[in-house]
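Colleague: In our numbering, the protein residues as written are 118 to 520. Cβ atoms here follow ideal geometry from the backbone N, Cα and C, with glycine treated the same way. Take a look at this one; I'll ask things after.
As structure tokens, this is what we get:
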């Protein structure tokens, strides 16, 4: 015998459903499986898709380098701009940015944080991702090889372009790069189409080499519990600022205006950040002081840099009486730590811009401190530009062999 079930009118069913929801919501204490609240991002602010590149496009853009990397390029890549929270050199909260290059891959992949070399134009910033820039070329290649690439703009570019770039300033290059990694980590947590295996590698050349060593040191000393840092590759960085300073104030250099503008940039950056607040006439002869006061790093100095400096300033550095400037320089001697991470230093022996002794001094000091996992790769006869390919191919081999 079948029982008949009375069907309640819709209005009563709606009432019962509403009542059930009210009861459930009022009994959260009795819920044995509460849904955890969504975790708020601490660093990441926004992410924006920039473009997608196929393997064919990446190889086409690689030019002469395509012949060397064609066997490694395996994935299409997606490029995003991310903005994140960090601090300026004065401790103020600011928004910075960078590019995040993600391979189209089905298996878990590692991450490389690439710190870019010196740029003078904001259009070259990684997050702008213009054609023929470092990020668009090398970032795409390494991404297509199966790595997530975090490419910080640094302060002064991208989202923070209205601020002066703290050129060759160890602390802010490290913090902006580390906070970019933290933001990238938050971004990846919310993704389902890419899986990070939690391994991190860091690399950079020129200012990027200096920034990479700065980042490595900061991770090892302050954030080792946050990141599984596997290897670091630093190319042609000005790691020994004290020795560099002593050399360029006392020795004849090539007198290339482009080189001198970078030395000038470092000097003016440290004067500003460390609040030395000296007039240009304190540092430079009258031939250049008024131009530098008006035009800053755009001033052309086409003779050995030491000839542009006042004798009184050089004397104050040589005899140690200008303690403020000497201390500012020493604060940026980034190599003064014992690396825990497998590390490679690359440098051309004939580098006329960032002199070879920077890597040599760093390597010797690290060995003296007891480091056993630092390797120094010398590029015989290599200049600042010609040694880049050795660095790139060597870095790829190094990371591949350091799982």
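Does DSSP classify residue 417 as helix, strand or coil?
Modeller: Here residue 417 sits in coil by DSSP.
Colleague: Measuring only the C-alpha atoms, how far is residue 505 from residue 341?
Modeller: The straight-line gap from Cα to Cα measures roughly 29 Å.
Colleague: Looking only at its own chain, which residues have a Cβ that is under 7 Å from the Cβ of residue 186, when we skip the five neighbours before and after it?
Modeller: Contacts found: 179, 258.
Colleague: Does the Cβ of residue 447 have 16 or more other Cβ atoms within 10 Å, making it buried, or fewer, making it exposed?
Modeller: Residue 447 should be labelled exposed.
Colleague: How about residue 357 and residue 475: do their beta carbons lie closer than 8 Å?
Modeller: For residue 357 and residue 475, yes; Cβs fall inside 8 Å.
Colleague: By DSSP, does residue 337 sit in helix, in strand, or in coil?
Modeller: Helix.
Colleague: Go through its chain and collect everything with a Cβ distance to residue 466's Cβ below 7 Å, but skip five positions before and after it.
Modeller: Answer for residue 466: 473, 495, 496, 497, 498, 499, listed in chain order.
Colleague: With the cut-off set at 8 Å, would you say residue 480 and residue 462 are in Cβ contact?
Modeller: It is a contact, given that the beta carbons lie within the stated cut-off.
Colleague: Taking the CB atoms as reference points, tell me whether residue 272 and residue 294 lie closer together than 8 Å.
Modeller: Contact: no.
Colleague: For residue 243, count neighbouring Cβ atoms within 10 angstroms of its own Cβ and tell me buried if that reaches 16, exposed if not.
Modeller: Burial call: buried.
Colleague: Output needed for residue 337: all residues of its chain with C-beta closer than 8 Å, excluding positions within five of it in sequence on either side, in chain order.
Modeller: Here the set comprises 346, 454, 456, 457, 458.
Colleague: Please confirm if the stretch 314 to 323 is in contact with the stretch 272 to 281, defined as three or more CB-CB distances below 8 Å between the two stretches.
Modeller: Because the criterion of three Cβ pairs below 8 Å is not met, the stretch 314 to 323 and the stretch 272 to 281 do not touch.
Colleague: Using alpha carbons as the reference points, say which of 329, 401, 414 lies closest to residue 386.
Modeller: Of the candidates 329, 401, 414, the one whose C-alpha sits nearest the C-alpha of residue 386 is 414.
Colleague: Go ahead and label residue 329 buried or exposed: buried means 16 or more other beta carbons lie within 10 angstroms of its beta carbon, across all protein chains shown.
Modeller: Classification for residue 329: buried.
Colleague: When the Cα of residue 309 is compared with those of 222, 333, 512, which residue comes out closest?
Modeller: Minimum Cα distance to residue 309 is reached at 222.
Colleague: When you compare each of 238, 286, 240, 250 to residue 206 by their alpha carbons, which one comes out closest?
Modeller: Among 238, 286, 240, 250, the Cα nearest to that of residue 206 belongs to 286.
Colleague: Considering only the beta carbon of each residue, do residue 220 and residue 194 sit closer than 8 Å?
Modeller: Going by C-beta atoms, residue 220 is nearer than 8 Å to residue 194.
Colleague: In terms of DSSP beta bridges, what is residue 492 paired with?
Modeller: DSSP, once it has assigned bridges, lists 461 as partnering residue 492.
Colleague: Quick check: the Cα distance between residue 471 and residue 291, rounded to an integer number of angstroms?
Modeller: Their Cα atoms are separated by approximately 20 Å.
Colleague: With distances taken from CA atoms, which of 332, 317, 434, 255 is nearest residue 183?
Modeller: Closest by alpha carbon: 255.
Colleague: Around the Cβ of residue 435, are there at least 16 other Cβ atoms within 10 angstroms (buried) or fewer (exposed)?
Modeller: Residue 435 should be labelled exposed.
Colleague: By Cβ distance, which residues of its chain are closer than 6 Å to residue 397, with the 5 residues on each side in sequence left out?
Modeller: Within the same chain, residue 397 has close Cβ partners 406, 409, 410.
Colleague: Can you find the residues in the same chain that come closer than 6 Å, C-beta to C-beta, to residue 441, ignoring five residues on each side of it along the sequence?
Modeller: Taken in chain order, the residues that qualify are 393.
Colleague: So what does DSSP say about residue 195, is it helix, strand or coil?
Modeller: The answer is strand: DSSP assigns residue 195 an E or B state.
Colleague: If you follow the beta strand (DSSP E) that residue 162 is part of, which residue opens it and which one closes it?
Modeller: Counting along the chain, the beta strand (DSSP E) containing residue 162 begins and ends at 161 to 170.
Colleague: Check for me: the beta strand (DSSP E) holding residue 345 runs from which residue to which?
Modeller: Unbroken beta strand (DSSP E) run through residue 345: 345 to 352.
Colleague: Using the C-alpha atoms, what's the distance from residue 251 back to residue 378?
Modeller: Answer to the nearest angstrom: the Cα atoms are 21 Å apart.
Colleague: Let's test the definition: count the other Cβ atoms within 10 Å of the Cβ of residue 159 and tell me whether it reaches 16, buried, or not, exposed.
Modeller: By the 10 Å Cβ count, residue 159 comes out exposed.
Colleague: I'd like the list of long-range same chain contacts for residue 449, defined as Cβ closer than 7 Å, with 5 residues on each side in sequence excluded.
Modeller: Closer than 7 Å at Cβ, skipping near neighbours: 285, 286, 287, 358.
Colleague: Could you compute how far the alpha carbon of residue 315 sits from the alpha carbon of residue 501?
Modeller: Those two C-alpha atoms are separated by around 33 Å.
Colleague: According to the neighbour-count rule (16 or more other Cβ atoms, all chains shown, within 10 Å of its Cβ), is residue 492 buried or exposed?
Modeller: The residue is exposed, with fewer than 16 neighbouring Cβ atoms inside 10 Å.
Colleague: Helix, strand or coil for residue 266, going by three-state DSSP, please let me know.
Modeller: It is a strand residue.
Colleague: Let me check understanding here. Comparing Cα to Cα, which of 430, 212, 218, 420 lies closest to residue 401?
Modeller: Minimum Cα distance to residue 401 is reached at 430.
Colleague: Look at the alpha carbon of residue 420 and the alpha carbon of residue 426, and state the distance between them as a whole number of angstroms.
Modeller: About 11 Å.
Colleague: Could you tell me the alpha carbon to alpha carbon distance between residue 416 and residue 433, rounded to whole angstroms?
Modeller: Going by the C-alpha atoms only, they are around 24 Å apart.
Colleague: Would you call the CB atoms of residue 327 and residue 365 closer than 8 Å?
Modeller: No, they are not a contact pair.
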